[in-house]
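Report on the following structure.
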Amino acid sequence: MKQWIKTAAIGAMVLAAMAGAGCGNGEGAKKQVALVQLMEHKALDEANQGFRDGLKENGFDDSKVSFIQENAQGDQSNLASIVTRLKEKKPDLVCAISTPAAQNLANEIHDIPIVGTAITDYQQAKLVDSNEKPGRNVTGVSDMSSVEAQMKLGLSLVPNAKKVGLIYSSSEINSQIQADRMKKYCKDNHIEVMEKTVTSINDLQQVAEAFAGNVDFIYVPTDNVISSALPALIKVTDEAKIPVIGGDSNMAKNGALAGVSINYYRLGEQAGAMAAKILSGKAKPADMPIEYQKDMDLVINKKSAEILGITVPKELADKAEMIQ
Numbered sequence: 075m076k077q078w079i080k081t082a083a084i085g086a087m088v089l090a091a092m093a094g095a096g097c098g099n100g101e102g103a104k105k106q107v108a109l110v111q112l113m114e115h116k117a118l119d120e121a122n123q124g125f126r127d128g129l130k131e132n133g134f135d136d137s138k139v140s141f142i143q144e145n146a147q148g149d150q151s152n153l154a155s156i157v158t159r160l161k162e163k164k165p166d167l168v169c170a171i172s173t174p175a176a177q178n179l180a181n182e183i184h185d186i187p188i189v190g191t192a193i194t195d196y197q198q199a200k201l202v203d204s205n206e207k208p209g210r211n212v213t214g215v216s217d218m219s220s221v222e223a224q225m226k227l228g229l230s231l232v233p234n235a236k237k238v239g240l241i242y243s244s245s246e247i248n249s250q251i252q253a254d255r256m257k258k259y260c261k262d263n264h265i266e267v268m269e270k271t272v273t274s275i276n277d278l279q280q281v282a283e284a285f286a287g288n289v290d291f292i293y294v295p296t297d298n299v300i301s302s303a304l305p306a307l308i309k310v311t312d313e314a315k316i317p318v319i320g321g322d323s324n325m326a327k328n329g330a331l332a333g334v335s336i337n338y339y340r341l342g343e344q345a346g347a348m349a350a351k352i353l354s355g356k357a358k359p360a361d362m363p364i365e366y367q368k369d370m371d372l373v374i375n376k377k378s379a380e381i382l383g384i385t386v387p388k389e390l391a392d393k394a395e396m397i398q
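Note that the working numbering has the sequence shown beginning at 75, numbered continuously upward.
See below:
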């Protein structure tokens with residue numbers, strides 16, 4: 075009888091321990107979340123950190139989540155390998171950071187929730203049925219900022235501009251969407267556009283040099299290839315005295331004259347909050363509309379203005395984050 079009681083007690087202890095692990099007290103109870111980032115540059119890095127913090131702020135701290143961090147270093151073959159690995163690992167959720175990352179994931183993975191951030195237009199990128207009702211395993215937050223506001227910023231700093239340069243990667247649908255909006259704005263306002271595309275960062279210097287003496291300023295959308303190699307562009311444009319206006323305010327922190335955009339850290343936080351709802355079982359991606367930001371950050375680089383000989387209007391300086 076005593077031996078039976080002892081065995082039963084041990085069994086109860088084992089069951090209690092298993093129950094405790096099921097309640098989130100053990101490593102096995104953690105949710106596994108993969109973050110897939112196209113490449114390293116300030117905007118994507120900030121979105122990555124914001125996503126992690128957004129999860130934490132909404133109840134998923136390190137005791138409840140383990141992360142798989144993947145970075146494709148801008149290489150499509152790396153992205154394909156990452157997707158293959160994740161199909162085998164089957165994490166509870168994947169965060170796609172950038173449009174190309176999301177497209178590669180969504181094309182191959184249909185049974186794991188995917189939450190995107192730093193993606194311009196989910197519907198045009200064919201990630202969802204519609205931005206209002208995704209209908210699939212993908213949802214997230216858009217980084218679409220006002221191209222009109224960005225162009226007006228450029229014209230405020232270079233008021234007599236008649237011809238504007240446009241440079242972006244031909245392989246990024248997110249950049250093409252913004253380029254089309256920029257060209258429409260210029261057409262409506264009788265501004266000539268000189269358009270150049272790159273296929274990789276290796277093309278950047280040669281393409282940038284083609285703008286010298288031909289444009290009044292250059293507009294760069296939220297393009298991952300250009301953002302990752304912005305100093306190479308700025309080296310050429312500074313020498314040619316051509317201002318660069320960025321579709322991402324972070325570009326001004328990396329040498330461009332100015333930029334106005336959504337805040338990528340807050341964008342990541344917003345995506346993290348959406349992911350927390352999915353991990354909690356409170357929502358499904360198919361039913362979660364794509365979210366947006368209304369507020370934008372305006373950044374002007376004083377050092378760049380000095381190099382270019384540009385006087386920043388007081389009304390702009392008063393509203394902007396002025397950096398050196």
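Here a beta-carbon is modelled for each residue, glycine too, at the ideal position from N, C-alpha and C.
Just so it is clear, the structure is predicted and the values come from calculations on it, not from any experiment.
Own chain, CB closer than 7 Å to residue i, minus 5 neighbours either side, in chain order
i, result
"residue 394", "372, 373, 374"
"residue 387", "230"
"residue 353", "105, 134, 166, 167"
"residue 311", "282, 292, 318"
Length of the line joining the Cα atoms of residue i and residue j
i, j, result
"residue 259", "residue 241", "16 Å"
"residue 153", "residue 378", "35 Å"
"residue 279", "residue 139", "43 Å"
"residue 106", "residue 273", "35 Å"
"residue 314", "residue 306", "13 Å"
"residue 328", "residue 304", "7 Å"
"residue 162", "residue 156", "10 Å"
"residue 150", "residue 199", "16 Å"
"residue 257", "residue 250", "10 Å"
"residue 396", "residue 390", "10 Å"
"residue 211", "residue 185", "7 Å"
"residue 268", "residue 160", "41 Å"
"residue 337", "residue 382", "26 Å"
"residue 345", "residue 287", "42 Å"
"residue 146", "residue 271", "22 Å"
"residue 109", "residue 370", "25 Å"
"residue 350", "residue 234", "49 Å"
"residue 213", "residue 120", "19 Å"
For residue j and residue i, believed in contact at Cβ under 8 Å, the rounded distance
i, j, result
"residue 300", "residue 243", "7 Å"
"residue 232", "residue 141", "Contact doesn't hold; Cβ gap of about 43 Å is too wide."
"residue 439", "residue 187", "Absent from the model: residue 439. The displayed extent of the chain is 75 to 398, so no value can be given."
"residue 172", "residue 129", "Not quite, the Cβ-Cβ distance comes to about 19 Å (not below 8 Å), so this is no contact."
"residue 239", "residue 285", "4 Å"
"residue 339", "residue 123", "6 Å"
"residue 117", "residue 324", "5 Å"
Contacts around residue i, its chain only, beta-carbon distance under 6 Å, and the 5 residues preceding and following it disregarded
i, result
"residue 176", "170, 190, 193, 201"
"residue 196", "202, 205, 364"
"residue 385", "none"
"residue 255", "221"
"residue 115", "301, 302"
"residue 266", "237"
Where the beta strand (DSSP E) containing residue i begins and where it ends
i, result
"residue 285", "Here residue 285 belongs to no beta strand (DSSP E); instead the alpha helix (DSSP H) covers 278 to 285."
"residue 108", "105 to 111"
"residue 145", "139 to 145"
"residue 335", "332 to 335"
"residue 385", "Neither: residue 385 is in no beta strand (DSSP E) and is coded neither H nor E."
Beta-carbon contacts of residue i that lie in its chain and below 8 Å, excluding the five residues immediately before and after
i, result
"residue 321", "219, 221, 224, 252, 293, 294, 295, 296, 297, 333, 335"
"residue 246", "173, 174, 297, 298, 299"
For residue i, the first and last residue of its enclosing alpha helix (DSSP H)
i, result
"residue 119", "116 to 131"
Chain D contact for residue i (CB, 7 Å cutoff)
i, result
"residue 385", "Although the question refers to chain D, the structure presented lacks it and comprises just one protein chain."
Length-filtered (4 minimum) alpha helix (DSSP H) runs lying within the stretch 282 to 325:
298 to 302, 304 to 313
As an exercise, report each continuous beta strand (DSSP E) stretch of at least 3 residues that is fully enclosed by the stretch 173 to 230, in chain order.
Those beta strand (DSSP E) runs which fall completely within the stretch 173 to 230 and span 3+ residues are 188 to 193, 212 to 216.
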